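Have a look at the structure below, then the notes.
Protein chains in written order, with my numbering: chain X, 12 to 297; chain W, 547 to 792.
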């Protein structure tokens, strides 16, 4: 098993109105990497290149130590894209039979049947009669039943109620119990990533702003509330962006411990991923 | 490949089960009960079109993007569709030919099975031509736009064929017709002289055409050309599919 389950080196993709990269990103084996970013930041484009759906214009993608277009490598990959799947007139039983033909000996019928039972999915019911949550569960059952080493998930919890989201997050945590398993998951629901991710990669306007250990990130970034004069006491580069209001300033700071030491009277709470995204996009919007 | 094949069949049957059954019953019924043999030719063509619509279902569910993450090659994905098309046309051909055995014309003896066979071959050639043109275009432009482009292409081919006949002199056209057996000398009874005379006439029936061995060259050539076009289309679709971006 390679050290990294997935790697992007200097990857670039140029569209008429958008450019992704140059991008370097790694998914260390045995970890969950959360990919965050605003709408149109390039998350899905990144996942498509990584999984071999699209080729990069420049740079190189490596998946499980090989080429993403190699069918042998893909046999060890489980993917869930938001809207790309089997035709909704098919039922879970037919999808299972089809995947058994596609994956051959790797496909485990019992595992698939077990997931259907666990999620309460009727194998004879057409997918179009499933709720959104049920469809996502079926997609995950399909992605997991051939024993993949890497799961690549595009917005797997979007539009789902907290109960279903909880079930799905539990499933990811079960999957990651095996140290050879890894997950790369994009999501707008940052609270989900805060629960399960080991590291967070933040894409902003097609560029990777950071990819850091989640706990270190939560530790490092803070939301500082203070007067404008106090901000001048901070070293350069600590304040990422400041929003000025009638009653003072709210600032995203990097290096919370430094801030607390320099401004002991100010309030500096840990910043969540949402806060970090909100302030970074505010900074670039100016 | 078996998984892809099963997926296409399941998709088509989940959507068209009743539709297909109705089509076969109505077309067979009209051909056998109302003595409309051309419905059997039409059935071959329509079955080919049904197979082509598997691409539309893939588009609707963004299947091709998903398929790019599975351990299957573009050649296998595209190949499944071509085999499906070939199978649909072949099934329609066999079913139609079998139905001809019970058609009023064949039962009464006014139509031979050889005629039915040539007619079914022509329908299969047309179905394969449509399939061969529409599949690479569907992969390139999407099935909705491809349908329009194919219709324009077929219209263009028809206009081209008409233009050729206009450009040729009547003598040249007659020479070609004579060569393939569409025209030739025939024994005709002249009531004025009460004698049989030999005259050159234009043949209007398949039975007359089939007497000329060159006509069979034309039939064989058309079949061979359609198969070659089918294979070329297959190769083109693989190329288009490999370059497809999602």
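Quick reminder that beta carbons are idealized off the backbone N, C-alpha and C, glycines included.
These numbers were taken from a predicted model, which means no experiment stands behind them.
task = State the Cα-Cα distance for the pair residue 175 of chain X and residue 131 of chain X, rounded to the nearest angstrom.
result = Between residue 175 of chain X and residue 131 of chain X, the C-alpha separation is close to 12 angstroms.
query = Cβ of residue 147 of chain X less than 8 angstroms from any chain W Cβ?
reply = No, because no Cβ of chain W sits closer than 8 angstroms to the Cβ of residue 147 of chain X.
inquiry  = Which same chain residues end up closer than 7 angstroms to residue 15 of chain X when comparing Cβ atoms and leaving out the 5 residues on each side of it in sequence?
reply    = Within the same chain, residue 15 of chain X has close Cβ partners 37, 38, 39, 40.
ask   = Of all Cβ atoms in chain W, is any one closer than 8 angstroms to the Cβ of residue 105 of chain X?
value = Taking Cβ atoms only, chain W reaches closer than 8 angstroms to residue 105 of chain X, which makes this a yes.
ask   = How would you list, in chain order, the residues of chain X whose beta-carbon sits under 8 angstroms from the beta-carbon of residue 612 of chain W?
value = The answer, in chain order, is 90, 92, 95, 96, 97.
ask   = Within the 8 angstroms Cβ cut-off, does residue 62 of chain X reach chain W?
value = Closer than 8 angstroms to some Cβ of chain W, the Cβ of residue 62 of chain X qualifies, so yes.
inquiry  = If the cut-off is 9 angstroms on Cβ atoms, which residues from the stretch 33-66 of chain X count as contacting chain W, listed in chain order?
reply    = Within the stretch 33-66 of chain X, the residues whose Cβ lies closer than 9 angstroms to any Cβ of chain W are, in chain order, 59, 62, 63, 64, 65, 66.
ask   = Which chain X residues sit within Cβ distance under 7 angstroms of residue 627 of chain W?
value = Those within 7 angstroms of residue 627 of chain W in chain X number zero; the least Cβ separation is about 14 angstroms.
query = Can a CB atom of chain W be found closer than 8 angstroms to the CB of residue 158 of chain X?
reply = No, no contact with chain W.
key: Whether residue 561 of chain W touches residue 144 of chain X by CB criterion (8 angstroms)   = No, these two residues do not count as a Cβ contact at 8 angstroms.
message = Is the separation between the beta-carbon of residue 88 of chain X and that of residue 161 of chain X shorter than 8 angstroms?
response = The Cβ atoms of residue 88 of chain X and residue 161 of chain X lie closer than 8 angstroms to each other.
inquiry  = On a Cα-Cα basis, can you pick out the residue from W:557, W:605, W:671 that is closest to residue 590 of chain W?
reply    = Considering only alpha carbons, the answer is W:671.
Segments of 4+ residues assigned as alpha helix (DSSP H) that fall wholly inside the stretch 206-279 of chain X = Counting only runs of 4 or more, we get 225-231, 239-242, 267-273.
request  = Report all residues from its chain with a CB closer than 6 angstroms to the CB of residue 33 of chain X; omit the five preceding and five following residues, and keep chain order.
outcome  = Contacts found: 21, 23.
ask   = Using the beta-carbon of each residue, which ones in chain X are nearer than 7 angstroms to residue 549 of chain W?
value = 109, 110, 111, 112, 113, listed in chain order.
key: Beta carbon of residue 678 of chain W nearer than 8 angstroms to that of residue 775 of chain W   = Yes, the pair counts as a contact, with Cβ atoms nearer than the cut-off.
query = Can the beta-carbon of residue 630 of chain W be found closer than 8 angstroms to that of residue 597 of chain W?
reply = Contact flag set, yes.
message = What does the alpha-carbon distance come out to for the pair residue 669 of chain W and residue 63 of chain X?
response = Those two C-alpha atoms are separated by around 41 angstroms.
ask   = When you compare only the Cα positions, how much space is there between residue 726 of chain W and residue 617 of chain W?
value = Rounded to whole angstroms, residue 726 of chain W to residue 617 of chain W spans 50 angstroms at the Cα level.
query = How would you list, in chain order, the residues of chain W whose beta-carbon sits under 8 angstroms from the beta-carbon of residue 72 of chain X?
reply = Contact annotation for residue 72 of chain X against chain W: no contact, minimum CB-CB distance about 13 angstroms [criterion: below 8 angstroms].
inquiry  = Any beta carbon from chain W within less than 8 angstroms of residue 86 of chain X's own beta carbon?
reply    = Under the Cβ criterion of 8 angstroms, residue 86 of chain X is counted among the residues facing chain W.
request  = Output, in sequence order along the chain, the residues in the stretch 663-682 of chain W whose CB is closer than 7 angstroms to any CB in chain X.
outcome  = Answer in chain order: no residues at all.
message = To the nearest angstrom, how far is the alpha carbon of residue 623 of chain W from that of residue 547 of chain W?
response = Cα to Cα, the separation comes out at about 8 angstroms.
query = Taking C-alpha atoms, which residue in W:550, W:585, W:658 lies nearest to residue 756 of chain W?
reply = The shortest C-alpha separation from residue 756 of chain W is found at W:658.
request  = Quick one: grab the DSSP three-state call for residue 565 of chain W.
outcome  = In the structure shown, residue 565 of chain W sits in a helix (DSSP, three-state: H, G or I).
inquiry  = Using only the alpha-carbon positions, how far apart do residue 651 of chain W and residue 85 of chain X sit?
reply    = Each residue's alpha carbon lies about 57 angstroms from the other.
inquiry  = With a threshold of 8 angstroms between beta carbons, is residue 137 of chain X in contact with chain W?
reply    = Interface residue, yes.
request  = Please confirm if the stretch 269-279 of chain X is in contact with the stretch 556-574 of chain W, defined as three or more CB-CB distances below 8 angstroms between the two stretches.
outcome  = Here the stretch 269-279 of chain X makes no contact with the stretch 556-574 of chain W; the two share fewer than three CB pairs at distances below 8 angstroms.
request  = Helix, strand or coil for residue 136 of chain X, going by three-state DSSP, please let me know.
outcome  = Coil.
ask   = Taking all protein chains shown into account, do 16 or more other C-beta atoms lie within 10 angstroms of the C-beta of residue 613 of chain W, making it buried, or fewer, making it exposed?
value = Using a 10 angstroms sphere on the CB of residue 613 of chain W, the tally of other CB atoms reaches 16 or more, which defines it as buried.
request  = Find the residues of chain X that neighbour residue 603 of chain W, judging by a C-beta separation of less than 7 angstroms, and give them in chain order.
outcome  = Chain-order list of chain X residues neighbouring residue 603 of chain W: 98, by C-beta distance under 7 angstroms.
query = For residue 618 of chain W and chain X, any beta-carbon pair shorter than 8 angstroms?
reply = Among the CB atoms of chain X, one or more fall inside 8 angstroms of the CB of residue 618 of chain W.
key: the stretch 575-589 of chain W / the stretch 752-766 of chain W touching (three or more Cβ pairs under 8 angstroms)   = Not touching, per the Cβ criterion.
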